[in-house]
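Asker: One structure coming up, written as structure tokens, with questions to follow.
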Amino acid sequence: MKTRINFSILLKSMFALALACTLGNQAQAQQTILLDNIIARVGGHIVLRSELELQQAQAVSQGYQATQELRCSILQSMIQNKVLLTRAEVDSVIVEQAQVDGELEQRLSYMVAQVGGPEKLEAYFNKPMSQIREDLRKSMRENLTIQKMEKEIAGKIKVTPKEVKQFFLQIPQDSLPYYSTEVEVGQIVKIAQIGGAQKAQARKQLEEIRKRIVNGEDFAALAKQYSQDPASAAEGGNLGFFKRRELVPEYEAAALKLKPGEMSPVIESMFGFHLIQLIEVRGEEYNSRHILIKPATAQVDMQATAQALDSIKALIQKDSTTFAKAAKDFSDDMTSKGNGGMLTLGNSPTTYLPVDKLDPAIFFVIDTMQVGSISAPLPYRTEDGKEALRILYLKSKTPPHQANLKDDYQKIAAAALSNKRNKAINEWFEKNKSTVFVDVAPDFQACKLDE
Numbered sequence: 150m151k152t153r154i155n156f157s158i159l160l161k162s163m164f165a166l167a168l169a170c171t172l173g174n175q176a177q178a179q180q181t182i183l184l185d186n187i188i189a190r191v192g193g194h195i196v197l198r199s200e201l202e203l204q205q206a207q208a209v210s211q212g213y214q215a216t217q218e219l220r221c222s223i224l225q226s227m228i229q230n231k232v233l234l235t236r237a238e239v240d241s242v243i244v245e246q247a248q249v250d251g252e253l254e255q256r257l258s259y260m261v262a263q264v265g266g267p268e269k270l271e272a273y274f275n276k277p278m279s280q281i282r283e284d285l286r287k288s289m290r291e292n293l294t295i296q297k298m299e300k301e302i303a304g305k306i307k308v309t310p311k312e313v314k315q316f317f318l319q320i321p322q323d324s325l326p327y328y329s330t331e332v333e334v335g336q337i338v339k340i341a342q343i344g345g346a347q348k349a350q351a352r353k354q355l356e357e358i359r360k361r362i363v364n365g366e367d368f369a370a371l372a373k374q375y376s377q378d379p380a381s382a383a384e385g386g387n388l389g390f391f392k393r394r395e396l397v398p399e400y401e402a403a404a405l406k407l408k409p410g411e412m413s414p415v416i417e418s419m420f421g422f423h424l425i426q427l428i429e430v431r432g433e434e435y436n437s438r439h440i441l442i443k444p445a446t447a448q449v450d451m452q453a454t455a456q457a458l459d460s461i462k463a464l465i466q467k468d469s470t471t472f473a474k475a476a477k478d479f480s481d482d483m484t485s486k487g488n489g490g491m492l493t494l495g496n497s498p499t500t501y502l503p504v505d506k507l508d509p510a511i512f513f514v515i516d517t518m519q520v521g522s523i524s525a526p527l528p529y530r531t532e533d534g535k536e537a538l539r540i541l542y543l544k545s546k547t548p549p550h551q552a553n554l555k556d557d558y559q560k561i562a563a564a565a566l567s568n569k570r571n572k573a574i575n576e577w578f579e580k581n582k583s584t585v586f587v588d589v590a591p592d593f594q595a596c597k598l599d600e
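Using our numbering, you'd call the opening residue of the sequence shown number 150 and step up by one each time.
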């Protein structure tokens, strides 16, 4: 069997495909329709030609050669993922709805921000926001299920120092990678806290909107006009059905006190201020719409946030705490705080970052820093658009060099672990593929996927 290449379909890729399809002319759209046929059936799932074409284009953009072998390897990986998904359903490997929805809303908010608003997103997809959300929810659930199934198979696998050394020694000398300058960078992020005046203004605005609804104006129309939840505003504030305990407690408590059609008073949650209308209750699920107003962040709040970060920085410099512990205790960035504040690229476990891959906003700060130093508080905007500040910590800086065990153990160990886990997943696939129906289109038979 060929070595498995991990080209699983990411939501970002799905977004890129949608953009490509909708921005093309009519002839391109017709071509897309012709290309978008089924090339494989795996259990109750299908693989589309357009998905394969997109993943091949992404691989080529990352430096792979556009060969038939690459095409077959990608298709093999896609089929393997569908087998994993099918067996996950049989083995009752379930991803919690709250995790799916949390990832989905974060992705939708990011996409809306990237294109400049929900209307532009709808135009790109040529679909209403409700349909975009449902399409992305399906893809998100599949990806998370595949990840969980892979973790069930290989998540407990570890590598020993001896195995890392053996893995490294198997790499031909002339194939050892040459690393450019690399750095280890940590961050502690503090989201600006909202002051009382800003909260009062947001509440006042929502109270005035509530009066307009009481006086006969349409809730959905005002949600489209005023709500600051971009994912639901285009749908008149409609969130769709959620189970109990899937939304923040303040929202759920207020919504479930209502009868269908009733409207709540203004309530506050971690996201801001809500006006809620219950639409329908169906067993343990309920459907509601809301209007969200977020308090504005004022300069005084940024100053208070800067003072908080300066205090944290002082504690580290006085050796009262370590940067890693301070990040865990104080940082508002959920992605990096569990890693001692250290940044990584994508899903890579290594904290060593090539300087040419750094965000310019980070590079131009650390370029003048000494190893071990911490920056002053710097402006920062979270992925979901919140105003924040952060301090950066330059932990290490490694000059250009050819890979070796002494300087690059972490990266080599990560590669060895990934290789060992991929082998385990490949072995599982070989053992279990006969338990799932797989049918591949005739023009892909040359890939010899059953070998």
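Built from N, CA and C at the ideal position, the CB exists for glycine as well.
Measure how close the beta-carbons of S437 and Q426 come, nearest whole angstrom, since I'm counting them as under 8 Å.
Answerer: One-based indexing of the sequence shown puts residue 437 at position 288. One-based indexing of the sequence shown puts residue 426 at position 277. About 6 Å separates the two Cβ atoms, so the contact holds.
Asker: Below 8 Å on the Cβ atoms is my contact criterion, and I expect T454 with A341 to pass it. Report the Cβ-Cβ distance as a whole number of Å.
Answerer: As a working mapping, residue 454 is identified with position 305 in the sequence shown. As a working mapping, residue 341 is identified with position 192 in the sequence shown. Contact flag correct, Cβ pair sits at about 5 Å.
Asker: Taking C-alpha atoms, which residue in R570, S480, M289 lies nearest to K605?
Answerer: The requested residue 605 does not occur in the structure, where the chain is confined to residues 150 to 600.
Asker: What residues match up with F390 in a beta bridge as DSSP calls it?
Answerer: On the sequence shown, position 241 is the one that residue 390 refers to. Per DSSP, N436.
Asker: Leaving out the 5 sequence neighbours to the left and right, which residues in its chain are closer than 7 Å to E356 when beta-carbon positions are compared?
Answerer: The residue given as residue 356 occupies position 207 in the sequence shown. Counting only Cβ-Cβ distances below 7 Å, and skipping sequence neighbours, we find V415.
Asker: Quick one, are the C-beta atoms of L233 and I320 less than 8 Å apart?
Answerer: By 1-based counting over the sequence shown, the position of residue 233 is 84. By 1-based counting over the sequence shown, the position of residue 320 is 171. No, Cβ-Cβ distance for L233 and I320 is not below 8 Å.
Asker: So, with DSSP's three-state summary, where would you put I320?
Answerer: As a position in the sequence shown, residue 320 is number 171, starting the count at 1. It is coil, neither helix nor strand.
Asker: For V261, count neighbouring C-beta atoms within 10 Å of its own C-beta (all shown protein chains included) and say buried if the count is 16 or more, exposed if not.
Answerer: Residue 261 sits at position 112 when you count from the first residue of the sequence shown. Classification for V261: buried.
Asker: Cα-Cα, which of S226, S288, V397, S241 is closest to R256?
Answerer: Here residue 256 refers to the residue found at position 107 of the sequence shown. Checking every option, the nearest Cα to that of R256 belongs to S288.
Asker: When you compare each of Q559, S469, E576, F578 to F316 by their alpha carbons, which one comes out closest?
Answerer: What you label residue 316 is simply residue 167 of the sequence shown in a count that begins at 1. Nearest C-alpha to F316: Q559.
Asker: So I515 and V334 are in contact, right, with Cβ under 8 Å, and what is the actual spacing, rounded?
Answerer: The residue labelled residue 515 in the question sits at position 366 within the sequence shown. The residue labelled residue 334 in the question sits at position 185 within the sequence shown. Contact flag correct, Cβ pair sits at about 6 Å.
Asker: Going by C-alpha distance, which of E433, G365, R352 is nearest I392?
Answerer: By one-based count along the sequence shown, residue 392 stands at place 243. First, the residue type needs correcting, since residue 392 is Lys and not Ile in the sequence shown. Here the closest residue by C-alpha is E433.
Asker: Return helix, strand or coil for T584, following the three-state DSSP convention.
Answerer: Stepping through the sequence shown from its first residue, residue 584 is reached at position 435. Helix, per DSSP.
Asker: Bridge partners for V334 per DSSP, in chain order?
Answerer: Numbered from its first residue, the sequence shown carries residue 334 at position 185. According to DSSP, which records beta bridges pairwise, V334 is partnered with L543.
Asker: Quick one, which of I228, A303, A189 has its alpha-carbon nearest K582's?
Answerer: Counting from one through the sequence shown, the residue named residue 582 turns up at place 433. Minimum Cα distance to K582 is reached at I228.
Asker: Reducing DSSP to helix, strand and coil, say where E536 ends up.
Answerer: Here residue 536 refers to the residue found at position 387 of the sequence shown. Of the three classes helix, strand and coil, the one that applies to E536 here is strand, per DSSP.
Asker: Under 6 Å Cβ to Cβ from N186, same chain only, skipping five residues before and after it: list those, please.
Answerer: The sequence position of residue 186 within the sequence shown is 37, counting from 1. For N186, where only same-chain residues beyond five positions count, the Cβ hits under 6 Å are R198.
Asker: Provide the residue span of the alpha helix (DSSP H) that contains A380, from first to last.
Answerer: By one-based count along the sequence shown, residue 380 stands at place 231. Here the alpha helix (DSSP H) through A380 covers 379-382.
Asker: On the DSSP bridge list, what partners appear for I195?
Answerer: Residue 195 sits at position 46 when you count from the first residue of the sequence shown. Its beta-bridge partners are R190.
Asker: Under a CB-based cut-off of 8 Å, is V334 close to chain D?
Answerer: Within the model displayed, chain D is absent; a lone protein chain is all it includes.
Asker: With V520 and F512 assumed to form a contact (beta carbons below 8 Å), what rounded beta-carbon distance in angstroms separates them?
Answerer: Locating residue 520 in the sequence shown gives position 371, counting from the first residue. Locating residue 512 in the sequence shown gives position 363, counting from the first residue. In fact, because the Cβ distance is near 15 Å, the residues do not count as touching under 8 Å.
Asker: Have a look at the DSSP bridge pairing and note the partners of E429.
Answerer: Locating residue 429 in the sequence shown gives position 280, where the first residue counts as 1. Paired residues: N436.
Asker: Just grab the DSSP bridge partners of I340 for me.
Answerer: Along the sequence shown, one-based indexing puts residue 340 at 191. In DSSP, I340 forms a bridge with A537.
Asker: If R190 sits next to V338, beta carbons under 8 Å apart, how far is it from one beta carbon to the other, in whole angstroms?
Answerer: For the purposes of this step, residue 190 is taken as the residue at position 41 of the sequence shown. For the purposes of this step, residue 338 is taken as the residue at position 189 of the sequence shown. That belief does not hold up - the Cβ atoms of R190 and V338 are roughly 45 Å apart, past 8 Å.
Asker: Whose C-beta lies closer than 6 Å to the C-beta of L184 among residues of the same chain, with five residues either side of it excluded?
Answerer: Position 35 of the sequence shown, counted from the start, is the residue given in the question as residue 184. The pLDDT assigned to L184 is 41, lower than 50, so where the model puts this residue is not dependable; a value taken from the coordinates is nonetheless given after this. Excluding sequence neighbours, L184 sits near R198, S199.
Asker: Please go through the same chain and pick out, in chain order, the residues whose beta-carbon is closer than 6 Å to the beta-carbon of I362, but skip the five residues on each side of it.
Answerer: Counting from 1 along the sequence shown, the entry for residue 362 is found at position 213. Hits under 6 Å: F368.
Asker: Measuring alpha carbon to alpha carbon, tell me which of S480, L566, P444 ends up nearest S497.
Answerer: Residue mapping note: residue 497 aligns to position 348 of the sequence shown, counting from 1. Looking at the Cα atoms, L566 is the closest of the given residues.
Asker: For K231, does the count of other Cβ atoms within 10 angstroms reach 16, so buried, or fall short, so exposed?
Answerer: The sequence position of residue 231 within the sequence shown is 82, counting from 1. With 16 or more other Cβ atoms within 10 Å, it is buried.
Asker: Check this for me: beta carbons of Y435 and F390, under 8 Å apart or not?
Answerer: Residue mapping note: residue 435 aligns to position 286 of the sequence shown, counting from 1. Residue mapping note: residue 390 aligns to position 241 of the sequence shown, counting from 1. A contact, by the Cβ cut-off of 8 Å.
Asker: Would you identify the three-state DSSP class for L183, choosing helix, strand or coil?
Answerer: Counting from 1 along the sequence shown, the entry for residue 183 is found at position 34. Low confidence applies here, because L183 scores a pLDDT of 39, under 50, leaving its location unreliable and the question unanswered by this model.
Asker: Using the beta-carbon count (16 or more within 10 Å), is Y400 buried or exposed?
Answerer: Taking the first residue of the sequence shown as position 1, residue 400 is located at position 251. The residue is buried, with at least 16 neighbouring Cβ atoms inside 10 Å.
Asker: Take the Cβ of D378 as the centre, count every other Cβ of all protein chains shown within 10 Å, and call the residue buried at 16 or more, exposed below.
Answerer: Mapped onto the sequence shown, residue 378 falls at position 229. By the 10 Å Cβ count, D378 comes out buried.
Asker: Would you call the CB atoms of A380 and E245 closer than 8 Å?
Answerer: Indexing the sequence shown from 1 puts residue 380 at position 231. Indexing the sequence shown from 1 puts residue 245 at position 96. Not in contact: A380 and E245 (Cβ atoms no closer than 8 Å).
Asker: What is the DSSP secondary structure of M102, counted as helix, strand or coil?
Answerer: In the structure displayed, the chain extends from 150 to 600; residue 102 sits before or after that span and is not available.
Asker: Tell me whether the beta-carbon of A372 lies closer than 8 Å to the beta-carbon of P267.
Answerer: By one-based count along the sequence shown, residue 372 stands at place 223. By one-based count along the sequence shown, residue 267 stands at place 118. No; because the gap between Cβ atoms is not below 8 Å, this pair is not in contact.
Asker: What residue range does the alpha helix (DSSP H) around E356 cover?
Answerer: Numbered from 1 along the sequence shown, position 207 holds the residue referred to as residue 356. That run of the alpha helix (DSSP H) goes 345-363.
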